[in-house]
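Let me begin by presenting the structure, written as structure tokens, before commenting on it.
Number of protein chains: 2
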Amino acid sequence: MSARALPYRPHNHDACVSQALADARSICRKQNARLTPTRERVLELIWQSHKPLGAYDVLAKLTAEGHNAAPPTVYRALDFLQQYGLVHRIASLNAFTGCAHAGEQHTGMFLICRACGNVLELMDPSVARAIETAANAETFRTETITLEVAGLCPGCQAGQHHE
Amino acid sequence: MSARALPYRPHNHDACVSQALADARSICRKQNARLTPTRERVLELIWQSHKPLGAYDVLAKLTAEGHNAAPPTVYRALDFLQQYGLVHRIASLNAFTGCAHAGEQHTGMFLICRACGNVLELMDPSVARAIETAANAETFRTETITLEVAGLCPGCQAGQHHE
DNA sequence: CATGCAAATGTTATAATGTTGCAAACTCTG
DNA sequence: CAGAGTTTGCAACATTATAACATTTGCATG
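Residue numbers (my numbering), protein chains in the order written: chain A, 270 to 432; chain B, 270 to 432.
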């Protein structure tokens, strides 16, 4: 799993996608999970932008390329990809984004730009720790954390490149 | 705004609700906001349990009591209540819960028990600080934070009172 | 290679959640 | 009480997600 460029900095995004796919194949192989063509294609579509994609956006793209797909096709692929930590669901957007830290143990923190729509996934142990501590103080047993921060990314704070 | 009992500890919930309504009336009066009968009734329905209520659950309750309501009725009331910080939307549940800290400046952190469904809202400055720091490190301008922790509340860890 | 099981996919329908647009009613203010 | 702005009623619709069941595929094993 290699380091990745920030979504809002120019980078070779094709390489970004290829890397994600290679990582995914490796992760699935290790766990005897079947990264079937549909699943892989869905993962690729999601990685093709740093903006989260809705399930029906994915469906539309599949349909556009001739794939005979229905909603369950997409939701099942997304369930699989989530299960293996290859994509995340962004609850506040009802959308999905590629996991930037697939294979690593992490609590994702998502910075969502309301202007350009890009999402940056961070892995911040000190945030995770603070949350865990607060939950423990209430004798609450944490299982999953949803942490989504909406705001403005560096680029959009300047009022520019609203792409 | 007074301290409130924890949802999973027995308490006089009628008083809990009355207090929330009194607080809400006071907050709206101060801001010249109109807490109309429908809005107030929706707030009360939401406060009547510590389990978040879906918009359509609220709608069903309104309908059951003879109110001539349609989805927009509920969503509009909920929008209003959110705007004045009287309820929160729990994105991971598509549901709404009464705000336990109405009127106070806060970043809500929600502890959601997957067994009993109760939600406890915490206000934890150190968590808020850690998140803000992590976002700042990416030059991201934070606007709103969604922080929802799913797990088991103290009562349900014992395998009991799953109501 | 046959065969049988489990996993994955196709297909149709439907459920659950949320929004738009417009007209009528209400509320406040002058 | 007239007019402006806000709130509500109402119908239709859009979006997101799941259920149920038939069919196909991958693959281990006899």
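All residues carry an ideal CB built from backbone N, CA and C; glycine is no exception.
These numbers come from a predicted model, not from an experiment.
{"Item": "Taking E417(A) as the reference, which of V343(B), L312(B), T411(B) has the closest Cα?", "Value": "T411(B)"}
{"Item": "Which whole-angstrom value is the C-beta distance of A369(A) and E390(A), which I expect to be below 8 angstroms?", "Value": "4 angstroms"}
{"Item": "The beta strand (DSSP E) with C382(A) in it runs from where to where?", "Value": "377–382"}
{"Item": "If you draw a straight line from the C-alpha of A384(B) to the C-alpha of K320(B), how long is it?", "Value": "11 angstroms"}
{"Item": "Can you name, in chain order, every residue of its own chain whose Cβ lies under 8 angstroms from the Cβ of Y344(B), other than the five neighbours on each side?", "Value": "A324"}
{"Item": "C367(B) by DSSP, collapsed to three states: which one?", "Value": "The sequence given here places Gly at residue 367(B); Cys does not occur at that position. Of the three classes helix, strand and coil, the one that applies to G367(B) here is strand, per DSSP."}
{"Item": "Rounded to the nearest angstrom, what separates I296(B) and V311(A) at their Cα positions?", "Value": "48 angstroms"}
{"Item": "In the DSSP output, what is E390(A) paired with across the bridge?", "Value": "F379(A)"}
{"Item": "My output table needs one value for H319(B): the three-state DSSP class, helix, strand or coil.", "Value": "coil"}
{"Item": "For my contact list, A329(A) and D393(B) are in at a C-beta cut-off of 8 angstroms; report their separation, rounded to the angstrom.", "Value": "That belief does not hold up - the Cβ atoms of A329(A) and D393(B) are roughly 41 angstroms apart, past 8 angstroms."}
{"Item": "Report yes if the CB atom of L304(A) is closer than 9 angstroms to the CB atom of L314(A), and no otherwise.", "Value": "no"}
{"Item": "Check the C-beta distance from A284(A) over to G367(A) and give it rounded, since I have them as a contact under 8 angstroms.", "Value": "Incorrect: roughly 14 angstroms between the Cβ atoms, too far for contact."}
{"Item": "Using alpha carbons as the reference points, say which of F365(A), P340(A), F349(A), M378(A) lies closest to A397(A).", "Value": "M378(A)"}
{"Item": "Grab me the residues of L347(A)'s own chain with a C-beta within less than 7 angstroms of its C-beta, minus the 5 sequence neighbours each way, in chain order.", "Value": "V311, A324, V356, F365"}
{"Item": "When the cut-off is 9 angstroms and only beta carbons count, does E417(B) lie next to chain A?", "Value": "yes"}
{"Item": "Are the C-beta of E373(A) and some C-beta of chain B separated by less than 9 angstroms?", "Value": "no"}
{"Item": "Excluding the five sequence neighbours on either side, which residues of its own chain have a C-beta within less than 6 angstroms of the C-beta of L331(B), listed in chain order?", "Value": "A338"}
{"Item": "So, is G335(A) buried or exposed, given that buried needs 16 or more other C-beta atoms within 10 angstroms?", "Value": "exposed"}
{"Item": "Please list the partners that A427(A) has in chain B, where partner means a Cβ-to-Cβ separation under 8 angstroms.", "Value": "Correct list: empty, because the minimum Cβ distance to chain B is about 11 angstroms."}
{"Item": "Measure how close the beta-carbons of A360(A) and S395(B) come, nearest whole angstrom, since I'm counting them as under 8 angstroms.", "Value": "Not really, about 23 angstroms apart at Cβ, beyond 8 angstroms."}
{"Item": "Along chain B, in chain order, which residues have C-beta atoms closer than 9 angstroms to that of A380(A)?", "Value": "First, the residue type needs correcting, since residue 380(A) is Leu and not Ala in the sequence shown. In chain order: A403, A404, E407, F409, T411."}
{"Item": "Below 8 angstroms on the Cβ atoms is my contact criterion, and I expect L380(B) with F409(A) to pass it. Report the Cβ-Cβ distance as a whole number of Å.", "Value": "5 angstroms"}
{"Item": "Exposed or buried, N281(B), counting other C-beta atoms within 10 Å across all chains shown (16 or more means buried)?", "Value": "exposed"}
{"Item": "Which residue or residues does DSSP assign as beta-bridge partners of H357(A)?", "Value": "T366(A)"}
{"Item": "What residue from A333(B), W316(B), Y353(B), D326(B) has the CA that sits closest to N301(B)'s CA?", "Value": "Y353(B)"}
{"Item": "List the residues of chain A that D393(B) touches, going by C-beta distances under 9 angstroms, in chain order.", "Value": "A399, I400, T402, A403, A406"}
{"Item": "By how many angstroms is the C-alpha of P276(A) removed from the C-alpha of V440(A)?", "Value": "Because chain A spans 270 through 432 in this model, residue 440(A) falls outside it and cannot be assessed."}
{"Item": "So, for A371(B): in the same chain, excluding its five sequence neighbours on each side, which residues have a beta-carbon less than 7 angstroms away from its beta-carbon?", "Value": "M270, D292, A293, I296, G354, L355"}
{"Item": "Between which two residues does the alpha helix (DSSP H) containing L350(B) stretch?", "Value": "340–352"}
{"Item": "Start and end of the beta strand (DSSP E) containing T332(A)?", "Value": "From DSSP, T332(A) is part of no beta strand (DSSP E) but of the alpha helix (DSSP H) over 324–333."}
{"Item": "My parser needs the alpha helix (DSSP H) runs of 4 or more residues fully inside the region 274–302 of chain B; what are they?", "Value": "282–299"}
{"Item": "Over the uninterrupted alpha helix (DSSP H) stretch that includes G424(B), give me the two end residues.", "Value": "423–426"}
{"Item": "Can you tell which of N363(A), K299(A), L421(A) has its C-alpha closest to the C-alpha of D326(A)?", "Value": "N363(A)"}
{"Item": "Run down chain A in chain order and give the residues with a C-beta less than 9 angstroms from the C-beta of V396(B).", "Value": "V396, A399, I400, T402, A403"}
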